[in-house]
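The sequence shown begins at 8 in this note's numbering and counts up one residue at a time. Glycine included, each C-beta is placed from N, C-alpha and C at the ideal position. These notes concern the structure reproduced below.
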Amino acid sequence: MQIDDRKSVVIDFFQQFNRTTTALLLLDYDGTLAPFQTDRHQAYPYPGIVPILERIIGSGRTKLAIVSGRPVIEIQNLLSQLTDFEIWGAHGLEHLSADGFYRRTEIEPNTLAIIRQAEDWLLQAGLLPITEIKPGGIAVHWRGLSASEVEHVQSRIQEGWNKFEGVQGIKLLAFDGGIELRAARPDKGDVIDAILKTTDAATPVAFLGDDFTDEDAFRVLNGRGLSVLVRHEYRKTIADAWLQPPQELIDFLATWSDIAGMGTR
Ligand SMILES: [Mg+2]
8 MQIDDRKSVV
18 IDFFQQFNRT
28 TTALLLLDYD
38 GTLAPFQTDR
48 HQAYPYPGIV
58 PILERIIGSG
68 RTKLAIVSGR
78 PVIEIQNLLS
88 QLTDFEIWGA
98 HGLEHLSADG
108 FYRRTEIEPN
118 TLAIIRQAED
128 WLLQAGLLPI
138 TEIKPGGIAV
148 HWRGLSASEV
158 EHVQSRIQEG
168 WNKFEGVQGI
178 KLLAFDGGIE
188 LRAARPDKGD
198 VIDAILKTTD
208 AATPVAFLGD
218 DFTDEDAFRV
228 LNGRGLSVLV
238 RHEYRKTIAD
248 AWLQPPQELI
258 DFLATWSDIA
268 GMGTR
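If you want it as structure tokens, here you go:
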């Protein structure tokens, strides 16, 4: 696909939104709305993003949902100024509706046992200080470590977690700054699927994400909505469009806000 085609799908999408009353804006968090930080609890959105999202929600013409690998509570903390939006956390294991109803999906006991085993190994390997225990998974973070420390951690993980590769119900996910071992399902594609099931077929839907786990969401959305890769450098993707953050992302969200706002005037 040519760069011009990637821009024109966005223009087409906004024209469609212009003709309807409501739309659905689905956003990944890390690497999409917020730049990566060594301290992941300080990874706030790019300047200017939160006020635009506030305007979008306030227009009443957009249902906004964050779809993240993070637990719901962390997204709430990082977006504490925002209200009236939905959060899908831990790749869809957790769901907090816009009106505050919380639901968590149970994981298969066998899958849970394997996750515990992987966790025990990390403890014995002395890697717990860089480990994050999450709903349905464990992430090892190496952002901020020196190149030689990263290499050391990676080879230790390779050694200890190798046996979990390809195990039924388990997925090993390399992400920007670490690796995660988690329950294979739900994934972000399952989240999009669940959202689409309760959405009118004529409602415009867009999903923006940066990472490999977002490809599951792009795949499910393909042919039904707009999928957008948000990333500084282009990489191979099945997304319809590509935006470079923060400026192109801000322009995209500002356009969204303008169109949503027109309906309320
Ligand atoms: Mg991300």
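Buried or exposed, going by whether 16 or more other CB atoms sit within 10 Å of the CB of residue i?
i: ILE140; result: exposed
i: THR39; result: buried
i: PRO54; result: exposed
i: LEU130; result: exposed
i: PRO193; result: buried
i: ARG272; result: For ARG272, the pLDDT reaches just 45, beneath the cut-off of 50, and the residue's location in the model is therefore unreliable, although a value from the coordinates is still provided. So ARG272 counts as exposed.
i: ILE245; result: exposed
i: LYS170; result: exposed
i: SER234; result: buried
i: SER264; result: buried
i: GLY151; result: exposed
i: PHE20; result: buried
i: PRO136; result: exposed
i: ALA154; result: exposed
i: GLY173; result: exposed
i: ILE122; result: buried
i: GLY143; result: buried
i: LYS204; result: exposed
i: ASP106; result: exposed
I think residue i touches residue j, with their Cβ atoms under 8 Å apart; what is that distance to the nearest whole Å?
i: ARG110; j: ALA132; result: At roughly 34 Å, the Cβ-Cβ gap does not stay under 8 Å, so ARG110 and ALA132 are not in contact.
i: ASP46; j: ARG77; result: So it is not a contact: roughly 14 Å between Cβ atoms.
i: ASP183; j: ASP218; result: 6 Å
i: ASP91; j: ILE64; result: 5 Å
i: THR220; j: HIS98; result: 7 Å
i: VAL237; j: LEU228; result: At roughly 14 Å, the Cβ-Cβ gap does not stay under 8 Å, so VAL237 and LEU228 are not in contact.
i: ILE186; j: VAL157; result: Rounded, the Cβ-Cβ distance is 11 Å, inconsistent with contact.
i: VAL160; j: LEU134; result: 7 Å
DSSP three-state label for residue i, please.
i: LEU215; result: strand
i: HIS148; result: strand
i: VAL198; result: helix
i: LEU236; result: strand
i: ARG189; result: strand
i: ARG272; result: With a pLDDT of only 45 at ARG272, under the threshold of 50, the placement of this residue in the model should not be trusted; the figure read from the coordinates follows. ARG272: coil per DSSP, three-state reduction.
i: PHE182; result: strand
i: ILE266; result: helix
i: ILE164; result: helix
i: ALA248; result: strand
i: ILE177; result: strand
i: SER153; result: coil
Closer than 7 Å: is that where the CB of residue i sits relative to any heavy atom of ligand 3?
i: ASP223; result: Ligands displayed in this structure: ligand 1; ligand 3 is not among them.
Which runs of the beta strand (DSSP E) spanning at least 3 residues fall entirely within the stretch 57 to 145, listed in chain order?
69 to 74, 93 to 96, 101 to 103, 109 to 111, 138 to 141
Below 8 Å, how does it come out for the stretch 115 to 129 and the stretch 84 to 93: are there three or more Cβ pairs, yes or no?
no
Inspect the CB distances between the stretch 110 to 122 and the stretch 60 to 74 and report whether three or more fall short of 8 Å.
no
Does the contact criterion of 3 or more C-beta pairs under 8 Å hold for the stretch 211 to 225 versus the stretch 16 to 24?
yes
Segments of 3+ residues assigned as beta strand (DSSP E) that fall wholly inside the stretch 30 to 58:
30 to 34
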